[in-house]
Amino acid sequence: MPMTAWEQGTFHAPPVSPQGAPRGWRTAPFRLLFGQMYEDVEIECAAFAAAERVFCIASAGDTALRLAGRHPVVACDLNPVQLQYAQARVHGARLRPGDAERTIRMARQLAPLAGWQTRRLEKFLAMQNLEEQTLFWRQQLDTPLFRTGCDVLLSHPVLRAVYSAKFLEVLPPHFGQVLRRRLARGFARHENAWNPYARMLLLGELMGLPCEHSTRITFMHSDAASYLESCPAGSFDGLSLSNIMDGATPAYRARLACAVRHAASEHAVVVWRSFAEPHSISDTNLAEEDRAMLWGIVDVRPARDFTGELA
Numbered sequence: 025m026p027m028t029a030w031e032q033g034t035f036h037a038p039p040v041s042p043q044g045a046p047r048g049w050r051t052a053p054f055r056l057l058f059g060q061m062y063e064d065v066e067i068e069c070a071a072f073a074a075a076e077r078v079f080c081i082a083s084a085g086d087t088a089l090r091l092a093g094r095h096p097v098v099a100c101d102l103n104p105v106q107l108q109y110a111q112a113r114v115h116g117a118r119l120r121p122g123d124a125e126r127t128i129r130m131a132r133q134l135a136p137l138a139g140w141q142t143r144r145l146e147k148f149l150a151m152q153n154l155e156e157q158t159l160f161w162r163q164q165l166d167t168p169l170f171r172t173g174c175d176v177l178l179s180h181p182v183l184r185a186v187y188s189a190k191f192l193e194v195l196p197p198h199f200g201q202v203l204r205r206r207l208a209r210g211f212a213r214h215e216n217a218w219n220p221y222a223r224m225l226l227l228g229e230l231m232g233l234p235c236e237h238s239t240r241i242t243f244m245h246s247d248a249a250s251y252l253e254s255c256p257a258g259s260f261d262g263l264s265l266s267n268i269m270d271g272a273t274p275a276y277r278a279r280l281a282c283a284v285r286h287a288a289s290e291h292a293v294v295v296w297r298s299f300a301e302p303h304s305i306s307d308t309n310l311a312e313e314d315r316a317m318l319w320g321i322v323d324v325r326p327a328r329d330f331t332g333e334l335a
């Protein structure tokens with residue numbers, strides 16, 4: 025049985041094969057899950073300011089490209105389709121949508137029903153005053169129809185039709201309400217006019233990145249724990265794990281924690297994200313600072329303190 029839902033290479037629950045293979049065996053081809061990343065890489069840039077060599081999850085390549093401007097980067101992914109896409113992208117290939125973008129696009133097509141016309145969104149996204157955009161969000165966008173639609177689309181029965189149960193385990197109850205709170209928090213904290221992640225989320229605009237430092241990125245086809253276990257001790261000063269612990273078993277998270285501590289240098293920093301809600305307030309959780317506004321946990325801490333537990 026897989027140690028992490030990411031091994032499936034798809035968001036959907038793996039079906040039972042005609043031969044009766046147990047649920048959890050790979051029976052479908054890997055898919056491109058992400059055409060771009062919904063993670064504010066400025067979190068990593070600040071956390072790794074003193075770093076030399078860094079490790080990250082390849083995903084769509086955004087984090088690797090941004091970090092390569094300052095550091096040699098090893099970008100790792102166990103999905104070969106995702107890895108090939110990231111490699112092509114850093115060499116100038118065009119952005120293309122993955123399954124995540126297609127799902128968001130379908131939801132976005134319903135937005136006008138809740139009063140989210142493009143002209144209204146453009147006005148909102150041009151705002152530079154936090155008080156004004158907070159008021160605009162409350163009065164013009166966080167409408168009863170939007171709240172109802174958000175709650176329905178992000179309910180567990182609907183999400184189960186799209187995502188495997190392992191991905192949904194970390195989501196808090198009433199996820200629609202939780203996500204709306206995260207969006208409201210983000211719009212009250214980050215000026216829309218300077219936030220490309222807001223435009224990406226609300227309008228679906230793809231965010232290109234310069235590729236001049238692509239030669240500083242080494243791509244590895246592996247899961248993170250296996251690759252880090254194979255590295256010499258102290259190989260990395262910064263490690264960005266995306267949200268690979270969402271959908272992972274406790275055993276894999278514990279193994280990953282050991283691998284991170286092994287591969288980390290003495291003063292290394294690790295950054296990891298999760299859609300889960302934090303159990304308590306923590307100085308290491310910088311979710312409020314992440315301009316993508318989707319995460320419950322954006323944890324930044326010394327790698328020596330990384331336990332693999334969803335805080």
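In our numbering, the protein residues as written are 25 to 335. Note that the Cβ used here is the ideal one computed from N, Cα and C, for glycine as well.
Burial state of residue i, where buried means 16 or more other Cβ atoms lie within 10 Å
| i | result |
| --- | --- |
| A275 | exposed |
| W296 | buried |
| D152 | The residue asked about is misnamed: residue 152 is Gln in this sequence, not Asp. Exposed, by the Cβ-count rule. |
| A45 | Summary for A45: the model assigns pLDDT 46, below 50, so the residue's position carries little reliability, and this model does not support an answer. |
| R184 | exposed |
| D307 | exposed |
| R90 | buried |
| R205 | exposed |
| R47 | In this prediction, R47 has a pLDDT of 49, which is less than 50 and means its spatial position is unreliable; nothing more can be read from the coordinates. |
| G112 | Residue identity differs from the one stated: residue 112 is Ala in this sequence, not Gly. Counting Cβ neighbours within 10 Å, A112 comes out exposed, since fewer than 16 surround it. |
| L137 | exposed |
| S179 | exposed |
| M231 | exposed |
| G332 | buried |
CB of residue i within 7 Å of CB of residue j, strictly
| i | j | result |
| --- | --- | --- |
| A327 | H286 | no |
| F299 | V194 | yes |
| C80 | A70 | no |
| A349 | A283 | Limits of the chain in this structure are 25 at one end and 335 at the other, which puts residue 349 out of reach. |
| V322 | I67 | yes |
| Y62 | A272 | no |
Limits of the alpha helix (DSSP H) - the one that residue i falls within
| i | result |
| --- | --- |
| R184 | First-last for R184: undefined, no H or E at that position. |
| F191 | 189-192 |
| P130 | The displayed chain sequence assigns Met, not Pro, to residue 130. Its alpha helix (DSSP H) spans residues 123-132. |
| R113 | 104-114 |
| M224 | 220-227 |
| Y171 | The question names Tyr, yet the displayed sequence has Arg at residue 171. That run of the alpha helix (DSSP H) goes 168-177. |
| A249 | 248-254 |
| L154 | 154-160 |
Where the beta strand (DSSP E) through residue i begins and ends
| i | result |
| --- | --- |
| D323 | 321-326 |
| R205 | Premise fails: R205 lies in the alpha helix (DSSP H), 199-211, not in any beta strand (DSSP E). |
| C69 | Taken as a continuous stretch (DSSP letters only), C69 belongs to no beta strand (DSSP E), being part of the alpha helix (DSSP H) at 66-71. |
| F79 | 78-81 |
| R143 | Unbroken run through R143 is the alpha helix (DSSP H), 142-149; no beta strand (DSSP E). |
| C100 | 97-101 |
| R297 | 288-298 |
| T242 | 241-245 |
Expected contact under 8 Å - CB spacing of residue i and residue j to nearest Å
| i | j | result |
| --- | --- | --- |
| L57 | F35 | 7 Å |
| A92 | I241 | 5 Å |
| A29 | F191 | 5 Å |
| L169 | G139 | 7 Å |
| D175 | G200 | 4 Å |
| D261 | S238 | At roughly 21 Å, the Cβ-Cβ gap does not stay under 8 Å, so D261 and S238 are not in contact. |
| A82 | A110 | 4 Å |
| A222 | L280 | So it is not a contact: roughly 31 Å between Cβ atoms. |
| A384 | F243 | Residue 384 is absent from the model: the chain starts at 25 and stops at 335. |
Residue i: CB within 6 Å of a non-hydrogen atom of the ligand PLP
| i | result |
| --- | --- |
| R94 | The model depicted lacks the ligand PLP and carries no ligand whatsoever. |
Starting from the N-terminal side, write out each stretch of the beta strand (DSSP E) that is 3 residues or longer and does not extend beyond the segment 257-282. Here the runs fully enclosed are 260-264.
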